[in-house]
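J.: In the numbering used here, the protein residues as written are 590 to 650.
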């Protein structure tokens, strides 16, 4: 799945950076910490409820 996403994003005109970070909560924290206005962040999660709660807490900070 990740390889397919990377392949699709590789040729995209507006893509300037692609990072693959393993570990859901580490990836979420890293991505949210790097976001700048206008950025798009794609988060793929397995632990849906836990991850959504984690994201909500981070956004509220």
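A virtual CB, placed ideally from N, CA and C, is assigned to each residue, including glycine.
1) Would you kindly check if the distance between the Cβ of residue 607 and the Cβ of residue 617 is under 8 Å?
2) Tell me where the alpha helix (DSSP H) around residue 595 begins and ends.
3) I'd like to know whether the C-beta atoms of residue 640 and residue 613 end up nearer to each other than 8 Å.
4) Using CA atoms only, rank isn't needed, just tell me which of 648, 595, 604 is closest to residue 622.
5) Taking only three categories from DSSP, how would you classify residue 608?
T.: Inspection of the coordinates gives the following:
1) no
2) 591-599
3) yes
4) 648
5) coil
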